[in-house]
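**Q**
Protein chains: 2
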Amino acid sequence: MAYAYMQNTELGIALESYLKEIASLCVFPGCEEIDVCDALGRYTAKAVFAHISSPHYNACAMDGIAIRAKDTFGVTDTTPVFLKEDVNFIRVDTGEALPMDFDSVVMIEEVVELGEGRIKLVTAASPWQHVRQIGEDMCAGEMILPANTLIEPASIGAMIAAGVLKTNVKRKPVAALIPTGNEVVKPSADVLPGQIIEFNSSVFAAMLKQWNVDSKVFDIVPDDLCLIKDTIIKACEQCDLVLINAGSSAGRKDFTEKAIAEAGKVVVHGIAIRPGKPTILGIVNGKPVIGVPGYPVSGAIVLEKIVKPVIDFLAACEPVRRPTLSALLSRRIVSSLKYAEFVRVKLGEVNDRIIATPLNRGAGIITSMVKADGLMEVPLNEEGMEAGTTVDVELYKRHDDIKNTTVVSGSHDFLIDAVSDIMRRKNTKYSLSSSHIGSMGGIIAVKRGEAHLAGIHLLDEKTGEYNTSYVRKYFPDGNISLVKCVKRIQGILVASGNPKGIKSLSDLRDNGIRFVNRQKGSGTRVLFDFLLEKEGIDPQSIEGYDRESYTHISVATLIASKSADAGLGVYTAAKAYGLDFVPICDEEYDFAVPEEFLKLDRIDCFMDIIKSAEFRLALDFMGGYRVDKPGEIIRFR
Amino acid sequence: MAYAYMQNTELGIALESYLKEIASLCVFPGCEEIDVCDALGRYTAKAVFAHISSPHYNACAMDGIAIRAKDTFGVTDTTPVFLKEDVNFIRVDTGEALPMDFDSVVMIEEVVELGEGRIKLVTAASPWQHVRQIGEDMCAGEMILPANTLIEPASIGAMIAAGVLKTNVKRKPVAALIPTGNEVVKPSADVLPGQIIEFNSSVFAAMLKQWNVDSKVFDIVPDDLCLIKDTIIKACEQCDLVLINAGSSAGRKDFTEKAIAEAGKVVVHGIAIRPGKPTILGIVNGKPVIGVPGYPVSGAIVLEKIVKPVIDFLAACEPVRRPTLSALLSRRIVSSLKYAEFVRVKLGEVNDRIIATPLNRGAGIITSMVKADGLMEVPLNEEGMEAGTTVDVELYKRHDDIKNTTVVSGSHDFLIDAVSDIMRRKNTKYSLSSSHIGSMGGIIAVKRGEAHLAGIHLLDEKTGEYNTSYVRKYFPDGNISLVKCVKRIQGILVASGNPKGIKSLSDLRDNGIRFVNRQKGSGTRVLFDFLLEKEGIDPQSIEGYDRESYTHISVATLIASKSADAGLGVYTAAKAYGLDFVPICDEEYDFAVPEEFLKLDRIDCFMDIIKSAEFRLALDFMGGYRVDKPGEIIRFR
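Protein chains in written order, with the numbering used here: chain A, 1 to 637; chain B, 638 to 1274.
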């Protein structure tokens, strides 16, 4: 049903036919005259020529005297020349105009003063020495900048020096941003269930600003064909292009296509990209009108891959492309043959190789955009890419910043964010990037060379010891260290006041308590399964045993919002959400790190932080931690 | 005398001691709370945490019905389940809140409608399917960004989604720009000799803007110690750092050092860099105060090499460094042992090598800043660098743009600017860069691989033919072509109305006529010397024979401004300046181009332009040209 009326046009073909229509039907932004001082970053609309020469007069380039050079021809130590002030010479300072009928400047240091306006020179001067002649830099009428040229600070200086105070530049395009939807509300921290916070227009406006486009954000329009159509028509009068967000799919409440079709014409609906398929490319009253899908990641991708080329075309500018980098794909990506898929990736420089790890591909996951270091494409007609493939990644961050990033993988703990924040506060060179994929995930990531450090808390069910046996098992060749970090308290998180009266794990069984579990491979899940087995509790007797959450904080969130009644997690999470906490046991949270990384400056920075007083203070503030010798290194050869 | 009181401190040492003093004496800009929507490009002052979860409710991710998953356990085609509306299911749309006590969404496509509020399902649903659970993206209390982090469009979206509408960011530093000097006047095209147009503060403000620093430009202060000191003190109250331009040397009218010393303290005066030596680093009332030299190139270098590090230090930001590139130095650079010299270079990709050609090193030549593609350094204690040395160049332009630039060297003609402008108007991908070093200079540049094309008009005195014999002589191995371009008229440029009554070259002799010549190696100089010899005129009988100018237009400028009476040049220059013109002869202006370059796309673009109607129109407008078969290629094997 959905998408029934959509095409699935290849991106390149869709863009080509759209730009062709724009070329024949649309009004281009044109140009405007502005003050040269305001012209930084703009493009000249036509060639700029000097109005006056620079220097605009013959200027003395030294403090000294102006003379006629021919008066000194043949002068030497033994045959000096004597000159009279205001007749044969005039005193001048740097920057002064060379007096008429004089053609040379002698530095004051070379002048022998004889008093009473008379001086002696003992070296010959050449004509035009120490004179900046008229037009030395630029001559009136000379071209300073050709058309279509970026105006930089120096060009502003050159124009002003040449008497050009106003200049014709290409007008910045203005984009109309029209948010739509009955359920969509203005940004607020006080929203009701079912209300969707409208933040796409803020993201789009910021992206457009980076591309030198101004935005005009319209009020949120309800899902009403007439209102949407009227707003489009009004926006087309005021702006150079129009983005409607969203209603661009083909569902019951999707009016965007119809509104564009009734007000003008739809060129393409449905593009073979993911995310971003339900995109509409239309033209209304000589302006490009684009229906942008509503999920934030879809919207951002459509802006980058479709709106940006349209803007470059409207502005007739050579597009600035992001730098690209070759990287090794760390995990397999499965993709549909039917779409070109754009995948956001985290990049890490580990062992001098750049490793690209795909981020959450959900179109609604904004944080995947915040965490992304780059974007890669799985082309149309490919089913995916294998781990180990070399891929081209378009860089969102600077290569240097990626080189200075410590990549932490593994179990989630609040202390990782604390380290990240302290790192940035102490030293702006280094950053920390973390992904929460559970303790076992972290160990695998370090083994694969995707991460520098794995945060782990893995209980050996046989010995009751934490972490060491796992490190020994998964790194049989050694060259791995365990960096001791904290002891933390695990327990059952329950709503404030413990309304269900949960006192132990056995209370979770068969009494209508909605449990939320952690994902397989997480240290907390390992612990939970160990405890259940020890106490002889059947997992299937626990409602929600299969409901998986990825972090301590997300477990706490579900309990705080009454979507679940209990979950296993650390005290810190309970404290952060004001939940009650039933302590179960202490555990050790450490970092596994390959021996060779301990030599890296960025890992030094990490080690310094976990040993610091600042870090202990942060742990105290969060609560639930005990530290013994943080930063102690246990080596496994 | 000048510089008598200046030190010559090494740049690194000067900066180190200055930053140390700033650290102990200065007030840092601190932070401010702003709307998240305005935060693009700013840095977080402290970590940002989510106020609410995103989604902030369990949201249906499909249009369909909300059910309790356990009602469908075991359901198959043959054992369907029948559900009743508002009891066992509720109809929902994408984005709506999942109703309380329901835990799963079934897509409308899978629902078999039976009428009267009853439906049938034939597949089991799993709990939480098609539901975006609370906090799936971010949980309340979770860290979104650590401190000291650049805010990008996606971060703005994430903050708003998490209910964070205002955020603490580092305050942008504000720089005071104080222009000084009795002779300095506000920008205008209507200035008197001796008046210096103040454009440095516009250049500095634009550079600072690129570094995220706001500027406050003060009125021009006369050369008066008290006024300068008072303005510094006032500026220190209003701004985070102060730049005084200029008076930073140690001359008679240089008050900047004294003003800083009296108002606060001078840390360093005189830095071992060129240009930029007369720089003062001081501190007044807890603010860095820097005396910046007055020549525009010196000022810009001091901003890049000294002010920028100070700003990075004040802002506690990791400096963004320009990319660098290895290039081959095309010409020898002679430099003083006493200074680190920063040399602006033109870059050209010729034969897959990047060639760096030093630009005019005059500190007053603004156009060298406009033309520069990059900056290289000749270190302290080196006497210079030989041609052919591999040098590191800090890039001002993008590498791609350098690759798409056609490098033209050789004789100056207005038509080169016309081609450059048409090229930018036709196609924003390609650019043309030109240096005017005379016909012979152009031939040498092409031979050295510094340029793609040489614009030449070289008369063979024996045959009276243009260009061909030179190309044969200088490219004995062939593989060179001559691209025919225009015939143009050379003659004597004289003031309007020809007040000196000049009718021929012989009139230039010994009668008080101030001639201005072209530089050796230029085609016009070759022609002039040929004509003088032919007519038996002694060069030394011509006043100004040794006064050399580098372009037709600069000759015209000197005559128009009455600094000279006559010069040899093309009709176009006379027409542009409204000068009278005594025609002498026709000549041929062509381009020498190595065979292999004719295959390059960018040279194709050049060739298309010189064959175009647009180019002919430009020639007609400028006047003095005749074209026969422009673009015709004569090959020399």
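In this text, a Cβ means the ideal position worked out from N, Cα and C, and glycines have one as well. Since this is a predicted model, take the numbers as computed values, not measurements.
Against chain E, with Cβ distances strictly below 9 Å, would residue 937 (chain B) count as a contact?
**A** Any reference to chain E falls outside this structure, whose protein chains are A and B.
**Q** Going by DSSP, name the residue or residues bridged to residue 977 (chain B).
**A** For residue 977 (chain B), which the question treats as bridged, DSSP gives the partners B:910.
**Q** Please report whether the beta-carbon of residue 650 (chain B) lies at a distance below 9 Å from any beta-carbon of chain A.
**A** No - not a single Cβ of chain A is within 9 Å of the one on residue 650 (chain B).
**Q** Considering just the uninterrupted stretch of the beta strand (DSSP E) at residue 432 (chain A), what are its terminal residues?
**A** First-last of the beta strand (DSSP E) with residue 432 (chain A): 431-436.
**Q** Please classify residue 653 (chain B) as buried or exposed, where buried requires at least 16 neighbouring CB atoms within 10 angstroms.
**A** Flag for residue 653 (chain B) reads exposed.
**Q** In chain order, what residues of the segment 573-592 of chain A put their CB closer than 8 Å to some CB of chain B?
**A** So the list reads 576 and 577, given in the order they occur along the chain.
**Q** For residue 780 (chain B), return the contacting residues in chain A, with the cut-off set at a CB-CB distance below 8 Å.
**A** Ordered by position in chain A, the residues that pass the 8 Å Cβ test against residue 780 (chain B) are 417, 420 and 421.
**Q** Just tell me which of B:721, B:941 and B:830 has its CA closest to the CA of residue 57 (chain A).
**A** Of the candidates B:721, B:941 and B:830, the one whose C-alpha sits nearest the C-alpha of residue 57 (chain A) is B:830.
**Q** Evaluate residue 1 (chain A) with the Cβ neighbour count: other Cβ atoms within 10 Å of its Cβ, from every protein chain shown; 16 or more gives buried, anything less gives exposed.
**A** Bear in mind that a pLDDT of 32 at residue 1 (chain A), under 50, signals an unreliable position, so the number given afterwards is only what the model happens to contain. Counting Cβ neighbours within 10 Å, residue 1 (chain A) comes out exposed, since fewer than 16 surround it.
**Q** Name, going along the chain, the residues of the segment 147-173 of chain A whose beta-carbon falls closer than 7 Å to a beta-carbon of chain B.
**A** Listed by position along the chain: 147, 148, 149, 153, 154, 155, 156, 157, 158, 160, 161, 163 and 165.
**Q** Looking at C-alpha atoms only, which residue of A:385, A:609 and A:553 is the closest neighbour of residue 424 (chain A)?
**A** When each option's Cα is compared against that of residue 424 (chain A), the closest is A:609.
**Q** Which residues of the segment 111-131 of chain A have a Cβ closer than 9 Å to any Cβ of chain B? Give them in chain order.
**A** The segment 111-131 of chain A vs chain B, Cβ under 9 Å: 126, 127 and 128.
**Q** Suppose the cutoff is 8 Å on Cβ atoms and the five residues either side in sequence are ignored; what does the same chain contact list for residue 156 (chain A) look like?
**A** Excluding residues within five positions, the ones whose Cβ falls inside 8 Å are 36, 37, 39 and 40.
**Q** Please go through the segment 305-352 of chain A and give each complete beta strand (DSSP E) segment of 3 or more residues, from N-terminal end onward.
**A** The segment 305-352 of chain A contains these whole beta strand (DSSP E) runs: 324-329 and 340-350.
**Q** Alpha helix (DSSP H) containing residue 1111 (chain B): first to last residue?
**A** That run of the alpha helix (DSSP H) goes 1105-1111.
**Q** Identify which residue in A:312, A:412, A:99 and A:495 has its Cα closest to the Cα of residue 454 (chain A).
**A** For the residues A:312, A:412, A:99 and A:495, the minimum Cα distance to residue 454 (chain A) belongs to A:412.
**Q** So, with DSSP's three-state summary, where would you put residue 1254 (chain B)?
**A** Residue 1254 (chain B) falls in the helix class under three-state DSSP.
**Q** Tell me whether residue 1047 (chain B) sits in a helix, a strand or coil according to DSSP, three-state version.
**A** Strand at residue 1047 (chain B).
**Q** Taking contact to mean 3 or more Cβ pairs, one atom from each stretch, closer than 8 Å, check whether the segment 17-36 of chain A and the segment 1161-1170 of chain B are in contact.
**A** Short answer: they don't touch.
**Q** Can you give me the C-alpha to C-alpha distance between residue 1139 (chain B) and residue 984 (chain B), rounded to a whole angstrom?
**A** Approximately 43 Å, taken between the alpha carbons.
**Q** The beta strand (DSSP E) spanning residue 91 (chain A) covers which residue range?
**A** Element bounds for residue 91 (chain A): 90-92.
**Q** Should the segment 604-622 of chain A be called in touch with the segment 464-476 of chain A, which here means at least 3 C-beta pairs below 8 Å?
**A** Flag = no, the segment 604-622 of chain A and the segment 464-476 of chain A do not touch.
**Q** Just to make sure I have the definition right: I need the residues of chain B whose C-beta is within less than 8 Å of the C-beta of residue 139 (chain A). Which are they?
**A** Simply 1188, 1190, 1191, 1193 and 1194.
**Q** Going by DSSP, name the residue or residues bridged to residue 214 (chain A).
**A** Paired residue(s): A:174.
**Q** Can you find at least 3 beta carbon pairs, one from the segment 90-99 of chain A and one from the segment 58-74 of chain A, that sit closer than 8 Å?
**A** Verdict: yes, contact present.
**Q** Quick one: using the 10 Å Cβ neighbour count with 16 as the cut-off for buried, is residue 506 (chain A) buried or exposed?
**A** When all chains shown are included, residue 506 (chain A) counts as exposed.
**Q** Does any C-beta atom of chain A lie closer than 9 Å to the C-beta of residue 933 (chain B)?
**A** Chain A, which has a Cβ nearer than 9 Å to the Cβ of residue 933 (chain B), makes this yes.
**Q** Enumerate, from N- to C-terminal direction, the unbroken beta strand (DSSP E) stretches of 3 or more residues contained entirely within the segment 351-419 of chain A.
**A** Within the segment 351-419 of chain A, the complete beta strand (DSSP E) runs of at least 3 residues are 353-358, 374-378, 390-395 and 405-410.
**Q** With distances taken from CA atoms, which of A:196, A:67, A:366 and A:306 is nearest residue 128 (chain A)?
**A** The option with the nearest alpha carbon to residue 128 (chain A) is A:67.
**Q** Pull up the distance between the alpha-carbon of residue 629 (chain A) and that of residue 325 (chain A), whole angstroms please.
**A** Residue 629 (chain A) and residue 325 (chain A): Cα-Cα distance of roughly 40 Å.
**Q** Determine the chain A residues that contact residue 677 (chain B) at a beta-carbon separation under 7 Å, and present them in chain order.
**A** 206 and 209, listed in chain order.
**Q** Is the shortest distance between the beta-carbon of residue 1007 (chain B) and the beta-carbons of chain A less than 9 Å?
**A** So, interface residue.
**Q** Would you say the beta carbon of residue 660 (chain B) is closer than 8 Å to some non-hydrogen atom of the ligand FAD?
**A** The ligand FAD is not part of the structure shown, which contains no ligands of any sort.
**Q** Closer than 7 Å, Cβ to any Cβ of chain B: which residues of the segment 343-362 of chain A, in chain order?
**A** Within the segment 343-362 of chain A, no residue qualifies.
**Q** If residue 307 (chain A) sits next to residue 368 (chain A), beta carbons under 8 Å apart, how far is it from one beta carbon to the other, in whole angstroms?
**A** So it is not a contact: roughly 20 Å between Cβ atoms.
**Q** Please tell me whether residue 462 (chain A) has its Cβ less than 9 Å away from any Cβ of chain B.
**A** So no, residue 462 (chain A) is outside the interface.
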